[in-house]
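Numbering (this note's numbering), first residue to last: 85 to 221. Note that beta-carbon positions come from the ideal geometry of N, C-alpha and C, so glycine has one too.
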Amino acid sequence: MSLGFALGGAFQMFVPLAHGTALRAGIFLLTAQIIGDGFMTIALINDVSLRQFIVPDRLLGRVSATANVLGVAAAPIGALAGGTLGQLASPRAALAGAAFGFSLAALWVVRSPLRTSQDGNCDSEPYGAESGTFTDE
C-alpha cells in the first residue's frame, strides 16, 4: 500500500513537467494518468481492504463513512491551498506540490503501527466497543 501511494504520487510529477510539443506533453500526461493512477488505484483498493480486515463488522459502516467524510472535507481545503500556491508561485508549482503531497501519503502508512502488528489489531478497541454500548439497529 505504501509503495502504491509513493509511486502513484511520483508518477503524478509528470503532470507539471508536461510542456513542449503536443506529442511530448501528451506522453507525459498519459504516463501520469495510466501508470500513476494505476498505482493510486492499487493503493486505494488495499486501503479499503485493510480497513475491512481490521475494523469489526458492526463498526465498518461508521468507519467507512467517517473516512469518506474526511476525504470529501479535505478536498476544498486542498483546492484552496493549490489555488493559492498556483497564484503565488505558478500552476506548475501547485501541481508539483500536489504530487509531492500524494507521495507523502506513503509516510502515513509506513509509520502506522499496523505494519508491525501480527494479527491486524492495534491493541485498542474503539471507545465503547468493549462495554457493548454500540448497538446494531
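- Residue nearest to residue 89 within the set 113, 114, 125 is 125 (criterion: CA-CA distance).
- For residue 104, the secondary structure class from DSSP, reduced to helix, strand or coil, is coil.
- Of all C-beta pairs linking the region 144-157 to the region 107-120, fewer than three are shorter than 8 Å, placing the two stretches out of contact.
- Within its own chain, the residues whose Cβ lies closer than 7 Å to the Cβ of residue 123, once the five positions on either side in sequence are excluded, are 88, 91, 92, 95, listed in chain order.
- Membership of residue 173 in any alpha helix (DSSP H) is not indicated, and neither H nor E is assigned to it by DSSP.
- Your pair residue 85 and residue 130 checks out as a contact, with CB atoms roughly 4 Å apart and the cut at 8 Å.
- Residue 98 is classed as buried because its beta carbon has at least 16 other beta carbons within 10 Å across all chains shown.
- By the neighbour-count definition (other C-beta atoms within 10 Å, threshold 16), residue 167 is an exposed residue.
- Going by DSSP, residue 125 is part of the alpha helix (DSSP H) stretching over 121-138.
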